[in-house]
Every structure is written in structure tokens, then in C-alpha cells.
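In mature numbering (1 follows the signal peptide of the UniProt record, and there is no 0), the protein residues as written are -20 to -1, 1 to 651. Everything on this sheet refers to the single structure shown next.
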């Protein structure tokens, strides 16, 4: 790129010559055009540009275009956020507004100028304008570009171009070109902030010190200018040479794929149109951030100039296999924090994602194996990025802007074996632990064939004994099974709500036992149905086996149809939150609080962000209220708490694991 300097008087002369011309309206007030007729557009005097209706994948849209052949080249679209119309007519009303009218009488304003228009004109430059009685422009399509600029049109500071959704759908797409107030011209995905993490191309003018305007010259040169014309930076690599054609037109457009390009449209001597690319900001389409959705990565099919293909990493599947650009979701949906026997780490070479890092291990002391192990043993870590400089970054979901390339290595945590479609582009190797585990499983399967008959017999016997009741492991008496109607009557139609949590709502009720009415608490589960019959039974058995003086007794359950309910002994001493957070001499100390289990109402959990910050900074002592506590137990409790309030419900632990961690059966909640 090179910087060009033009005399200020030359730019001023050009400006004055353009605006000294009197623009004559060729479209009077009251004029209209209609779809389905030959007069469905207003043309420029040269006949090369037109304004009116053009067909889309969902009907029609209103815009301006270059009259190329065989297809029109659209350069502006009205109402880009919602451009689709079923037909109708466009008219320049007698009160000076440009309106669209449907057959049934519905109207939509296309332009409402600050002062009434006295006429309109489609100019030879491609600009459609509304003029007042003094023949001055009061509204123009050049002033509000959509995805394209043409010679004579500019992109002003703090303005942007937005790509179309597809070649046949002019709605707002996935990418934007923003002319920032710091002088930098930058490409971003839509719905992102103007930060470096989201940018994938820029003009390199962020330290220029003054505002710049984007221009396209008559010869196809794309350049930035500012400082009253004293500074001009050419964005194209070389000056475009004239081609042996009768006419040539240029346009700069942010394409559907997110790349800024300059095109030429040449009308040859034989009357045919030729179109070609003059310049492109990028050639590698996988460098465009957002071309593939969350938790997916981009791979080029045929080298650097090939088309991008979106793939899922091991352990993930497409959200919609017919729209692979939407991204991927985890195939393993369990929320438990598994150890190495049930969790697999997959290795992806020469692949990278933009950091969503919450922890970075020192590059001077961390090896690749240590980076992998650190993620495997961390409940929060879903992937680890081992960079070529030796830095290990533990990452959360979702993973953003993934692509093949570079020298980084990514470790992906998964609870299931990957699909073949999710293999990485290189070797797609499994972690050595997975290979050894698969070999061991195969050996055990063949060695255990002779036990099939015996195991089948035991399975039938055990299933028959547990058909009607779930038994407590340590006791003879089974848990009582309630019908849904019994619990509905006991709670008076689930009328008195005691509280609610992430997995259900608790109601108060009365049940008769030994001729006496007793208070119960009925927890109506809302999310367990998705986990299935077996998972629900495992949860009930785990809670029933747990005995602790600070845990309420599980009396029974309901497993009828789609209804899943747990029946507990009712506690009448108020909430645990009141006991812990209200002042007074009877507030329990840390040792007592550590041995309690409770489910607080979500609006009582107000310090999670601060606790998480203290945990990351290694400053948990701030949370102890200056008490003498066992910091190992305290840190474990904090981990359990943070684990339980993760934003993604599928990453939260089951109540079974929460209980056994608080009981100390698992020593480290981070495993």
C-alpha cells in the first residue's frame, strides 16, 4: 500500500464542479411504478442505472442497480433489516415522500426527507435522489449505503456497510465494514463490539490522529482520505489500468462471505458484460471470524483459495446438519465432572480458537502433557490451547472463531467418542489414553463372554425385585411410592410454594401417617425428565443412601408418566439463608456451615461474580470473614458452589455428586 498526496485546491475544485451542476428532476410528484408491469423501475438518462423493484428469494425488494446482463448488479437496498415485499407499487406522493403501497392498502415509508421533495431523479452515477424546489438534494441513496459503494459515493466516519444474508437474500447478513472514529477501517462480524478480538482485517490507520473517509475513484482505486484532502491512503495494491471496453463500472462491496472486494463490470465492444475482481482484502476465507458458528472450526476444501467448510471438533455435533455454519453443540450432555476413566481428551494439531481464557499456565514451566492434564482435572475447563510459544490457556465454552492453521495444539474434553465427521483436518488422532482404553475394553469384552448367561440371569432377578420399589441399600424398608394424585391432593393442588431452584419447585403439603397428619415438602422436578428413567432412579437411590444429621429425610417419590417428584420431611425452622446471613450471636461458624447442604433461592445468590474473582486470584481468605477455617475444605466448598451455578445448565453437577463431594467421598471438587 502507498500513500498519495493531492493538492487541496484540486479536491476543492472537483467538489465545487460537482455541486455547481443543477440537477433536474425527471420524476415528478405523483409518479408511481408497479410490480408485474413493464414500468417497474425509473432509469437514469444513460439507461445504465435504475431504481425500483427487483426479485429476491422471498418476493421483491426495492433498490438501485446497474443494468448488467444477464443479472442485475444491486448496489443499494431499501430497509435492509426487513427488505422483502410481496409486490405492490412505489409512488412519490404529493406531500414529497417516497412510499411503498401494498395491494390491500398497507403503506411503508421508503424515505421521509427533512423537507418536502418537489421531484426525484435517477442519476447516471447510480444515486437516486429527492430534490426540493430549489433543485437541491434533500435525500439520496448514496447517503445511506447498505453493502456497496460506487464511484462518487463515500463511507463517512462512524458509518458501516453490512453484508447481505445470501446472494438472493438482501437482508442483513453476518459481517460489517466499519469506518471507526479513530481513523481505522475494520471488518467485524455483526453483533460484536469494536474490539481487536473480533476484528479480522483493518486498514492499519488506527493511529492516524484524524477522521478518514472511504472513497472509490472512477478508475476503481479504493482509498481513504482525510485532513481536508491532505492525506490519502490507497487500499488497493496498484492503480487499476483501463481495459479495452466500451464502458467500465466499479463497485466496492462487503460480500456475503465477509470479505471486502472491488469489482469491475465491463461492457465489451460486442455488447456483452464481463465481471471480475480487482482487489480483495483477504484471500483465505477461513480468516473471516464468524464464518463458522460457535464450537466449530473452519477448514478450506481446496487450498488457500478454496471454499470454507465448517467442521465440529471431537465430541461435538452440528446444531443443524443442513446448515453447518450455525455451529456445533456437545454430543455429551452430562453435567457431571468426570475423571480420566470417563472423560477423554482429544488432540487437534495445527488448529486454533480465539481465546475465551479463564486461566493461563506459565509458559516457562508447562509442557504439552501438563497442559492436557491441567484441563482434564479441572471441572471448568472444556478445552486447552497449547500455543507454539509454550503458553497453556484453559478455555470455557463456547469456542469462537476456530480454524485450521498455525502451530497451536488444542485439547478438547469429551465424555463420548467423536463422530468421524468431527475429526480434525490433520491426523485426527485420539489421545493415547483413549487408544489404550479402547484396547482394554475389547480385551475385557472377549474375556467376559462366558459370563453372559449368568449376568443375564442376575439382571432378570434384580429387575424383578425392584419393579415396584426402590430399596435403600442399608435398610430393609423400601422408599414409599406415591401416585401423582396423592401428592396433588396432599399439596392442595401444589398451592403453597416454599421455594424454587434450578431443577424444580418445592411445595408444602400434609400426609396422613399412622392416623396422624404430618407436614411434608414435595419437590416437583422440572428437568429430570430429559435425563430418563434410569437416571432418575439412580438419583433417588443416591439420596436415600445418604444419612446426615443436617440433611432432611427422603420419605418417598413419585415416578408416574412424565411426573417426577421427591417427598421430604418438612423442616419448619426457616431457610438456611436466614441462618447464615442474618446477624446475631447464633450465626454458625464456618465449620458448621461447611457441613450443611441447602438450595438457596436464585435471587439470594448475589455474590457469585465476586467469589469467582477471588477464586481465580487465589484470594479466598477474603471470603472467610476472618474466621479460622480449614482452607482445603473451604476451597472445595467454593468450587462446588461455583460449579453448581454455571450459566450452561448441562455443565452443572447432579445432586448426587454434590452430596458425595460435601460428604468428602470425593476429595477434590475440581476433579
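Where is the CB? At the ideal position from N, CA and C, for every residue including glycine. Bear in mind the structure is a predicted one, so any value in this text is a computation, not a measurement.
Worksheet entry | Proximity of residue 382 and residue 278 at Cβ, strictly below 8 Å | For the purposes of this step, residue 382 is identified with residue 402 of the chain shown, where counting begins at 1. For the purposes of this step, residue 278 is identified with residue 298 of the chain shown, where counting begins at 1. A contact, by the Cβ cut-off of 8 Å.
Item to complete: Might you give, ordered along the chain, the residues of its own chain that have their beta carbon closer than 8 Å to the beta carbon of residue 182, omitting 5 neighbours on each side?
Response: As a working note, residue 182 is residue 202 in the chain shown. Excluding positions up to five away in sequence, the list reads 164, 165, 166 and 167.
Item to complete: Take every Cβ of the region 75 to 87, pair it with every Cβ of the region 143 to 160, and state whether three or more of those distances are shorter than 8 Å.
Response: no
Worksheet item: Among 261, 226 and 252, which has the Cα closest to the Cα of residue 243?
Response: By one-based count along the chain shown, residue 243 stands at place 263. Nearest C-alpha to residue 243: 261.
Discussion item. What residue range does the alpha helix (DSSP H) around residue 616 cover?
Written reply: Residue 616 sits at position 636 when you count from the first residue of the chain shown. It spans 611 to 624 - the alpha helix (DSSP H) in which residue 616 sits, taken as one unbroken run.
Discussion item. Taking the alpha helix (DSSP H) that residue 348 belongs to, which residues open and close that run?
Written reply: The residue labelled residue 348 in the question sits at position 368 within the chain shown. It spans 348 to 356 - the alpha helix (DSSP H) in which residue 348 sits, taken as one unbroken run.
Practice prompt. Apply the 10 Å Cβ neighbour rule to residue 590 and answer buried if 16 or more other Cβ atoms are within range, or exposed otherwise.
Written response: For the purposes of this step, residue 590 is taken as the residue at position 610 of the chain shown. Exposed: under 16 other Cβ atoms inside 10 Å.
Discussion item. Which residue marks the beginning of the beta strand (DSSP E) containing residue 195, and which one marks its end?
Written reply: Taking the chain shown and counting its residues from 1, one reaches residue 195 at position 215. 192 to 196 is the span of the beta strand (DSSP E), which, as asked, contains residue 195.
Worksheet item: Using 8 Å as the Cβ pair cut-off and three pairs as the minimum, do the region 321 to 330 and the region 384 to 397 touch?
Response: yes
Discussion item. Can you find the residues in the same chain that come closer than 6 Å, C-beta to C-beta, to residue 12, ignoring five residues on each side of it along the sequence?
Written reply: Along the chain shown, read from residue 1 onward, the residue named residue 12 stands at position 32. Contacts found: 69 and 71.
Worksheet item: alpha helix (DSSP H) containing residue 467: first to last residue?
Response: For the purposes of this step, residue 467 is taken as the residue at position 487 of the chain shown. First-last of the alpha helix (DSSP H) with residue 467: 464 to 470.
Discussion item. Strictly by DSSP, which residues pair up with residue 93?
Written reply: For this step, residue 93 is matched to residue 113 along the chain shown. Paired residues: none, contrary to the question.
Worksheet entry | Close Cβ partners of residue 307 (< 6 Å) along its chain, the five nearest in sequence each way excluded | Sequence index remark: in the chain shown, residue 307 carries index 327 (1-based). Once the five neighbours on either side are set aside, the close Cβ partners of residue 307 are 273, 274, 275, 276 and 299.
Worksheet item: residue 641 to residue 350, Cα distance in whole Å?
Response: Mapped onto the chain shown, residue 641 falls at position 661. Mapped onto the chain shown, residue 350 falls at position 370. Cα to Cα, residue 641 sits roughly 25 Å from residue 350.
Worksheet item: How many whole angstroms separate the CB atoms of residue 547 and residue 462, which I take to be in contact at a CB cut-off of 8 Å?
Response: Mapped onto the chain shown, residue 547 falls at position 567. Mapped onto the chain shown, residue 462 falls at position 482. Contact flag correct, Cβ pair sits at about 6 Å.
Item to complete: State buried or exposed for residue 585, treating a residue as buried only when at least 16 other CB atoms are found within 10 Å of its CB.
Response: Your numbering for residue 585 matches position 605 in the chain shown. Model confidence at residue 585 stands at a pLDDT of 43, short of 50, so the residue's coordinates are unreliable; what they give is reported in the following sentence. The residue in question, residue 585, is exposed, as its Cβ has fewer than 16 Cβ neighbours within 10 Å.
Fill in: Nearest residue (CA-CA) to residue 51, options 113, 184 and 252
Sequence index remark: in the chain shown, residue 51 carries index 71 (1-based). That would be 252, whose Cα lies nearest to the Cα of residue 51.
Discussion item. Tell me which residues share the same chain as residue 595 and place their Cβ nearer than 7 Å to its Cβ, disregarding the 5 neighbours each side in the sequence.
Written reply: The sequence position of residue 595 within the chain shown is 615, counting from 1. Once the five neighbours on either side are set aside, the close Cβ partners of residue 595 are 618 and 622.
Worksheet entry | Contact belief for residue 543 with residue 464 at Cβ below 8 Å, rounded distance in angstroms | Here residue 543 corresponds to residue number 563 of the chain shown, with the count starting at 1. Here residue 464 corresponds to residue number 484 of the chain shown, with the count starting at 1. With 8 Å as the limit, residue 543 and residue 464 qualify as a contact, their Cβ atoms being about 5 Å apart.
Worksheet item: Under the DSSP definition of a beta bridge, which residues are partnered with residue 254?
Response: Taking the chain shown and counting its residues from 1, one reaches residue 254 at position 274. Paired residue(s): 246.
Worksheet entry | Endpoints, the beta strand (DSSP E) within which residue 184 is located | Working through the chain shown from its first residue, we reach residue 184 at position 204. Counting along the chain, residue 184 falls outside any beta strand (DSSP E), and DSSP gives it neither H nor E.
Discussion item. Does residue 334 come out as helix, strand or coil in the three-state DSSP assignment?
Written reply: The residue you call residue 334 lines up with position 354 of the chain shown. Reduced to three states, the DSSP call for residue 334 is strand.
Worksheet entry | Residue of 326, 200 and 37 minimising C-alpha distance to residue 131 | Position 151 of the chain shown, counted from the start, is the residue given in the question as residue 131. That would be 200, whose Cα lies nearest to the Cα of residue 131.
Discussion item. Tell me which residues share the same chain as residue 486 and place their Cβ nearer than 6 Å to its Cβ, disregarding the 5 neighbours each side in the sequence.
Written reply: Residue 486 sits at position 506 when you count from the first residue of the chain shown. Result list for residue 486: 478, 479, 501 and 503, in chain order.
Worksheet item: How long is the line joining the alpha carbons of residue 541 and residue 376, rounded to whole angstroms?
Response: Counting from one through the chain shown, the residue named residue 541 turns up at place 561. Counting from one through the chain shown, the residue named residue 376 turns up at place 396. Near 37 Å, if we compare the C-alpha coordinates of residue 376 and residue 541.
Worksheet item: Given that a residue counts as buried once 16 or more other Cβ atoms are within 10 Å of its Cβ, and exposed if not, what is residue 57?
Response: Stepping through the chain shown from its first residue, residue 57 is reached at position 77. That one is buried.
Discussion item. I need the DSSP call for residue 311, collapsed to helix, strand or coil.
Written reply: Here residue 311 corresponds to residue number 331 of the chain shown, with the count starting at 1. In the structure shown, residue 311 sits in coil (DSSP, three-state: anything other than H, G, I, E or B).
Discussion item. Check this for me: beta carbons of residue 271 and residue 249, under 8 Å apart or not?
Written reply: Locating residue 271 in the chain shown gives position 291, counting from the first residue. Locating residue 249 in the chain shown gives position 269, counting from the first residue. Contact: no.
Worksheet item: How about residue 120 and residue 112: do their beta carbons lie closer than 8 Å?
Response: If you number the chain shown from 1, residue 120 lands on position 140. If you number the chain shown from 1, residue 112 lands on position 132. No, they are not a contact pair.
Item to complete: Compare the C-alpha of residue 133 against each of 188, 203 and 620 and name the closest.
Response: Here the question's residue 133 lines up with position 153 in the chain shown. Of the listed residues, the one whose Cα sits closest to residue 133 is 203.
Practice prompt. Compare the Cα-Cα distances from residue 14 to each of 256, 44 and 67 and report the closest residue.
Written response: Position 34 of the chain shown, counted from the start, is the residue given in the question as residue 14. When only C-alpha atoms are compared, the closest one is 67.
Fill in: Candidates 23, 324, 60 and 61, of which the one nearest residue 47 by Cα
Here the question's residue 47 lines up with position 67 in the chain shown. Considering only alpha carbons, the answer is 23.
Worksheet item: By Cβ distance below 6 Å, which residues in the same chain neighbour residue 138 in space, the five residues on each side in sequence not counted?
Response: Counting from 1 along the chain shown, the entry for residue 138 is found at position 158. For residue 138, where only same-chain residues beyond five positions count, the Cβ hits under 6 Å are 161.
Worksheet entry | Closest Cα partner of residue 259 within the set 266, 269 and 239 | The count along the chain shown starts at 1 and reaches residue 259 at position 279. Residue 259 has its Cα closest to that of 239, out of 266, 269 and 239.
Practice prompt. Compute the distance between the beta-carbons of residue 341 and residue 361, then report whether it is under 8 Å.
Written response: Taking the chain shown and counting its residues from 1, one reaches residue 341 at position 361. Taking the chain shown and counting its residues from 1, one reaches residue 361 at position 381. Contact flag unset, no.
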